[in-house]
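Visitor: Got a structure here, written out as structure tokens. Questions coming.
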Amino acid sequence: MSEVVTQASIKMKLAIISGIFGGVCATAALFSIIIIPLPGIPGGSGFWIPAALYFALTLWFGLYGALAGHIGTFIGMGPFFGWTFQVWADGALGDFMAPLICRAFFLLFKADPELKTRRDYAVWLVSVPIATCLAAMWIHFVNYSFGTITFGAWVWGVIAYTIGDSLAVFTIGTILLRVATKWVKTSPFYVTGRLL
Amino acid sequence: MGEAVRIRDLWWRYGLGQDWTLKGVDLTVREGEFLVIVGPSGAGKSTLCLALCGLIPHFLRGYYRGEVIINGRDTRKMRLSEITKIVGIVFQDPDTQFVTMSVEDEVAFPLENHGVPREEMIKRVRKAMESTKILDLRDKYPHELSGGQKQRVAIASILALEPEILVLDEPTSDLDPVGKAEIFSMLAELKKSGRTIILVEHNMEEAAKYADRIVLLREGKITVDGSPRKVLGDVEKIKSMGIYPPQVTELAHLLSRSNGVNSELPITLEEAVDWLREMGARAVKVFDGEHYVRNAGDPVISFNNASFVYPDGTLALNSINIDFYRGEFVAIIGQNGSGKTTLVKHIVGLLKPTRGEVRVFGKKTTEMSIKEIATRIGYIYQNPDHQLFCQTVYEECAYGLRMLGLGESEIKKRVGDILEKVGLGGLESVETFLLSKGQRQRLAIASVLVMDPEVVIVDEPTTGQDMAQSLSIMNLLKSLHGEGRTVIIVTHNMRLVSEYAERVVVMKAGNIILDGEPRWVFSQPARLKEALITPPQITQLGHVLVGEQFSPLTVYEAASMIRLGE
Amino acid sequence: MSQRTFFTYVAGDSPLVRLHPLPKVTLLLSVNLVALIIEAPIPLLLLTIMLALSFKLLRVPLIGLKKFVIVVLIASQAVLISYLLGSSIPGSQVYYTYPWGAYVSDMTLLYAATMIMRYTSMLLGSTLILATTTSRDIVYGAAAFRLPHTIALMMSLAFRTTTIFVEDFIRVRDAMILRGANFSEGSILERARKYANVFTSMIVIALRRIMEIAYALQAKGFGAAPKRTYYREYKLRISDVVITLTLIAGVLCAYVLRYYVGFLAFPGWLPSV
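Chains as they are written, first to last, in my numbering: chain S, -14 to 181; chain R, 18 to 583; chain L, 46 to 318.
Below, the structure is given as structure tokens:
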């Protein structure tokens, strides 16, 4: 009897995880904008809800999950904000970085995405706001560079984004990690022990 | 003939699973053979298919023992890309198999992956499209085709690789009767070309026509292996294993037993006609063809000249006039895209007519909120995954009750009762995600029934379920009907329609073309043909044997209406 | 005959549908880059008008025109708020000064309007291209740029599955409505919580679906050959090359005019300046 521990090829992970979940994140972004419009920050929610999905995806699938967030946000924001450089560079790229930072915390502190222990929860609760804050700084810096916000709006943007993103991640992401991680671990797409 | 496949003592356990899915399977398939694999849900049929095409052990995580030999070589020692050139596999859901946006590109996709030169590719794509009769669909968007056409595209894309062995995992389970027939006749053509075909199938009536051999897989083991006549002829045994035999075989079995006849049983319609004639069968009762008219007071649901046009301009309902009455058991049938689901979505208020009106309990749906309708009408989707959104079984059932504002003690009582009723008692704290497909289907039903609706609408209640699961769901619906509720089902399964429904509505291109009791509807094969519907096999037998005035609906009914030997 | 794209149907003989993927991708990049380079109001206005007209000229349906205008208005409001409350752009007239030092001048309003036009032109340009794009364009476009096929397939799957998941989303949401959920009531947080159920369900559906798609891709030999071949032959016509070069030249020209001549810089080409 032999145990078979297969790993999907990089090509498969790129196509399946980043592609398919890119579609899921895009749908989430699309509906978040329509459903939960934020006064004064139209489209802001388009980043928040998918964030909850790609944080979980990145803890499961590493780089490929983060790419799904990036692609998904880009596509999902498209009908409202165009498939423009700005969307690609700000939110979408920010959404790529944030979950990878969270994953780095999990690897550094050897936490389990199943969130079984107090330590797992502690790492989750600390890493998410830090990651989203860093992403928010980047996103608003790009918006500022493109001229769509002023520097004054940068500070408020970062604060609002960090709170909004973190709340969404804690609300939906926690459920996802608790419910599905055990099952995902048995799939050939699960990436363990590596940042990328 | 040489061996195409040899499986020796194959064991497989999935990474998450506690039990072995395959438990020592031994199987040999000859070149050019048409093998049908049957078995109840969870028997390991799909897992065996994955092992045949090399995805086990090359792609999935788990524990493996034994060997699968393809053309004399162990699949473990071959690369997956080598195996896929020899063994082509087609899965149940064609939609998840498409990766491009045109039929022609879809057929070419595997050849591009294998680096086949362009000139060769052009020839092979054309040949595959010709053999599956999809040449005229080459520029179409695959997702917009009918179910049968989609599955033919999926098969063509695998055939383009010219595999020696074709494995098909329940390719017809989501198809309407005509779609099923299209696939089977195409497989018969492929068999003639000498290809080895391994088919997992629930539909024994079609399989019996084409199979060279049938194996029955149960709890990971092959328990029966033999010719269709031998396997299907042992009616009691295969029924005890959760498999529906062809209706004509079951009839012949009943008649043989009651008349003390001991002869080989027929397994196809044609054979049954000959068998009955040889036995001197005669019909002792025919029907007068009376039309079902229910007269039970005010209708609970009324469509008055209701039309619906989708935003893309498709006319999905065309001036529909129909009433549904309290306590009816109605089946809505028709080919894919005929407007069945659009019709029921109007009943629950998810869609509102673009012209005309729909009334439920006397009120126009345009003047009611969906929530208001939902308290009296329950709608159960075809795919349970679209209906389950809570973490645990208990929460799932409690959701609707909480929305109604009921107290926790009342909720607890109602949830407990309904879970017992659907056979999920004791699983309250289990996560819905971890339930099996059959359990999820029953949970979806429970989550709607717990709200105590007066009308229950179920879209394809038995798709992908084995005989035991189908019977359990249908008997549950029957008991609801017995309690006085109105039950409306949308289905492709004519056997269930004839056995359970008391009224059948046939739809075609947004119109109702027939509406009446099952016997009356099924005794009009010409009109049914317009809607691409075929009556159940037992009814067809009656038509061939006597005529349209002899339309038995069930095997037992047919047995009671036929006498042998005079 | 109309051609199915990711988001709509486009007339099969529309020049954009017949265009080789290479100039098409170049067009997408150029529109974005030029809009980013130009900072002068009138040229940006002209670019926006030109792009809006090209929908008509190239026979591309402007999907949901009403929704499009609403989105532009909402986004414009965000840009305006940001500039009206938090900028200090000198002008000939100052209308209002805030206690925190920011002020509103005539140039504040003009700059905000310019940024709205920049955003609108990028939105129009990218919609024009993406509305006419099929998975074939992505696959062959990636090949034309020598990108790996996997990247193209990933993008193509993401676009295509978005439409499938949108249907899933609506089904799950409808199922919740049928069990009494009301999505139009409650605070943002309450609504978000209701939608959390829908998104969780969608992830579960997607997790089940990825294995099926992975099986299908493996069965179709995805990644089997070291060198992939292509069924269709996309030959670059002279017109395609000319369009591509013209677009690149246009971007370079805009860059020179903006950074070396100052013509397209703010306030740039303005009759009053």
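For glycine and all other residues, C-beta sits at the position ideal for the given N, C-alpha and C. Just so you know, these numbers come straight off a predicted model, no measurement behind them.
Note down, one range per segment and in chain order, each alpha helix (DSSP H) of at least 4 residues found wholly within the region 45 to 114 of chain R.
Guide: Fully enclosed alpha helix (DSSP H) runs of 4 or longer: 62 to 69, 72 to 75 and 97 to 103.
Visitor: Is it the case that the region 139 to 153 of chain R contacts the region 86 to 106 of chain R, given that we only count it when at least three CB pairs across the two stretches are under 8 Å?
Guide: Counting Cβ pairs under 8 Å, fewer than three are found: no touch.
Visitor: Taking Cβ positions only, does V111(S) come closer than 9 Å to chain B?
Guide: The structure shown contains no chain B; its protein chains are S, R and L.
Visitor: Using a Cβ-Cβ distance cut-off of 9 Å, determine whether W185(S) contacts chain R.
Guide: No answer is possible for residue 185(S): the residues shown for chain S start at -14 and end at 181.
Visitor: What are the residues of the region 153 to 177 of chain S that lie near chain R, defined by any Cβ-Cβ distance shorter than 9 Å?
Guide: Those would be I160, R163, V164, A165, K167, W168, K170, T171, S172, P173 and Y175, in chain order.
Visitor: Let me know if S151(S) comes out buried or exposed under the rule of 16 or more other beta-carbons within 10 Å of its beta-carbon.
Guide: Along the first sequence, read from residue 1 onward, the residue named residue 151(S) stands at position 166. By the 10 Å Cβ count, S151(S) comes out buried.
Visitor: Using C-beta distances below 8 Å, list every residue in its chain close to I550(R), excluding the 5 sequence neighbours before and after it, in chain order.
Guide: Numbered from 1 along the second sequence, position 533 holds the residue referred to as residue 550(R). Closer than 8 Å at Cβ, skipping near neighbours: D193, P194, V195, I350, G351, Q352, M511 and V523.
Visitor: Rounded to whole angstroms, what is the Cα-Cα separation between Y156(L) and W73(S)?
Guide: Here the question's residue 156(L) lines up with position 111 in the third sequence. Here the question's residue 73(S) lines up with position 88 in the first sequence. Roughly 23 Å separates the two Cα atoms.
Visitor: Under 9 Å, Cβ to Cβ, is there at least one residue of chain R near S3(S)?
Guide: For the purposes of this step, residue 3(S) is taken as the residue at position 18 of the first sequence. So, not an interface residue.
Visitor: For A543(R), count neighbouring Cβ atoms within 10 angstroms of its own Cβ and tell me buried if that reaches 16, exposed if not.
Guide: To locate residue 543(R), count along the second sequence from 1; it is residue 526. Burial call: exposed.
Visitor: If the criterion is Cβ atoms closer than 9 Å, does the pair G259(R) and R235(R) meet it?
Guide: In the second sequence, residue 259(R) corresponds to position 242, counting from 1. In the second sequence, residue 235(R) corresponds to position 218, counting from 1. Yes, these two residues count as a Cβ contact at 9 Å.
Visitor: Here's a check: name, in chain order, each residue in its chain whose Cβ is nearer than 7 Å to the Cβ of I183(L), leaving out the five neighbours to either side.
Guide: As a working mapping, residue 183(L) is identified with position 138 in the third sequence. Only A197, M200 and S201 meet the Cβ criterion.
Visitor: Starting from the Cα of L488(R), find the closest Cα among D469(R), L271(R) and R459(R) and give me that residue.
Guide: Taking the second sequence and counting its residues from 1, one reaches residue 488(R) at position 471. Of D469(R), L271(R) and R459(R), the residue nearest in Cα terms is R459(R).
Visitor: Are A145(S) and G79(S) touching if we call contact CB-CB under 9 Å?
Guide: Taking the first residue of the first sequence as position 1, residue 145(S) is located at position 160. Taking the first residue of the first sequence as position 1, residue 79(S) is located at position 94. Not closer than 9 Å, so no.
Visitor: Quick one: what's got a C-beta closer than 8 Å to V318(L)'s C-beta in the same chain, skipping five residues either side?
Guide: Counting from one through the third sequence, the residue named residue 318(L) turns up at place 273. Residue placement at V318(L) is flagged as unreliable, the pLDDT there being 36, under the threshold of 50; the coordinate-derived value follows with that caveat. Excluding positions up to five away in sequence, the list reads P312.
Visitor: Is there at least one Cβ from chain L nearer than 9 Å to S151(S)'s Cβ?
Guide: Along the first sequence, one-based indexing puts residue 151(S) at 166. Judged by the 9 Å Cβ criterion, S151(S) is not in contact with chain L.
Visitor: Between Y128(L) and chain S, is there a C-beta pair that is closer than 9 Å?
Guide: The sequence position of residue 128(L) within the third sequence is 83, counting from 1. It does: the Cβ of Y128(L) has a partner Cβ on chain S nearer than 9 Å.
Visitor: So, are the CB atoms of I103(R) and I54(R) less than 9 Å apart?
Guide: What you label residue 103(R) is simply residue 86 of the second sequence in a count that begins at 1. What you label residue 54(R) is simply residue 37 of the second sequence in a count that begins at 1. No, the Cβ-Cβ distance between I103(R) and I54(R) is not below 9 Å.
Visitor: Would the region 185 to 194 of chain L and the region 372 to 392 of chain R be scored as touching if the rule is three or more Cβ pairs under 8 Å?
Guide: No contact exists between the region 185 to 194 of chain L and the region 372 to 392 of chain R.
Visitor: Count the other CB atoms, across all protein chains shown, that sit within 10 Å of the CB of P316(L); report buried if there are 16 or more and exposed otherwise.
Guide: Taking the first residue of the third sequence as position 1, residue 316(L) is located at position 271. No answer about P316(L) holds up, because its pLDDT of 41 lies below 50 and its placement is not dependable.
Visitor: Between the Cα of I318(R) and the Cα atoms of V46(R), G424(R) and I474(R), which residue gives the shortest distance?
Guide: Mapped onto the second sequence, residue 318(R) falls at position 301. Of the candidates V46(R), G424(R) and I474(R), the one whose C-alpha sits nearest the C-alpha of I318(R) is I474(R).
Visitor: List the residues of chain S whose Cβ lies closer than 8 Å to the Cβ of E448(R), in chain order.
Guide: Reading the second sequence from its first residue, position 431 is the one you call residue 448(R). Neighbours of E448(R) on chain S, chain order: V164.
Visitor: If you measure beta-carbon to beta-carbon, which residues of the region 257 to 278 of chain L are closer than 9 Å to chain S?
Guide: From the region 257 to 278 of chain L, only I258, A259, L262, Q263, F267 and G268 have a Cβ closer than 9 Å to chain S.
Visitor: Kindly say whether R23(R), judged by its beta-carbon, lies nearer than 9 Å to any beta-carbon of chain S.
Guide: As a first step, residue 23(R) must be located in the second sequence, where it is residue number 6. Not one chain S Cβ lies under 9 Å of R23(R).
Visitor: Which stretch, first to last residue, makes up the beta strand (DSSP E) that contains T503(R)?
Guide: Numbered from its first residue, the second sequence carries residue 503(R) at position 486. T503 to V507 is the extent of the beta strand (DSSP E) around T503(R).
Visitor: Are the C-beta atoms of V301(L) and some chain R residue less than 9 Å apart?
Guide: Within the third sequence, residue 301(L) is the residue found at index 256, counting from 1. Cβ-Cβ to chain R under 9 Å: no for V301(L).
Visitor: On the criterion of 16 or more Cβ atoms from any shown chain inside 10 Å, does D315(R) qualify as buried, or is it exposed?
Guide: Locating residue 315(R) in the second sequence gives position 298, counting from the first residue. Its Cβ having fewer than 16 others within 10 Å, D315(R) is exposed.
Visitor: Locate the alpha helix (DSSP H) running through V301(L), then write down its first and last residues.
Guide: Along the third sequence, read from residue 1 onward, the residue named residue 301(L) stands at position 256. Its alpha helix (DSSP H) spans residues I283 to V301.
Visitor: With H, G and I counted as helix, E and B as strand and the rest as coil, what does DSSP make of V377(R)?
Guide: Counting from one through the second sequence, the residue named residue 377(R) turns up at place 360. It is a strand residue.
Visitor: Got a sec? Which residues, its chain only, sit under 7 Å from T92(R) by beta carbon, not counting five neighbours each side?
Guide: The sequence position of residue 92(R) within the second sequence is 75, counting from 1. Taken in chain order, the residues that qualify are G71, V85 and I100.
Visitor: Measuring straight from C-alpha to C-alpha, what distance separates R238(L) and N400(R)?
Guide: By 1-based counting over the third sequence, the position of residue 238(L) is 193. By 1-based counting over the second sequence, the position of residue 400(R) is 383. Answer to the nearest angstrom: the Cα atoms are 24 Å apart.
Visitor: Give the secondary structure of F311(L) by DSSP, where H, G and I count as helix, E and B as strand, and everything else as coil.
Guide: Translated into positions along the third sequence, residue 311(L) becomes position 266. In this structure, F311(L) counts as coil in the three-state DSSP scheme.
Visitor: Hey, out of L125(L), P144(L), Y148(L) and I126(L), whose CA is closest to G136(L)'s CA?
Guide: As a first step, residue 136(L) must be located in the third sequence, where it is residue number 91. Considering only alpha carbons, the answer is Y148(L).
Visitor: On the DSSP letters alone, give me the boundaries of the alpha helix (DSSP H) that F90(S) sits inside.
Guide: By one-based count along the first sequence, residue 90(S) stands at place 105. Start and end: L78 to L93.
Visitor: Under a three-way DSSP split, which group does E574(R) fall into?
Guide: Taking the first residue of the second sequence as position 1, residue 574(R) is located at position 557. It is helical.
Visitor: Say whether chain R places a C-beta atom closer than 9 Å to the C-beta of S17(S).
Guide: Position 32 of the first sequence, counted from the start, is the residue given in the question as residue 17(S). Chain R, which has no Cβ nearer than 9 Å to the Cβ of S17(S), makes this no.
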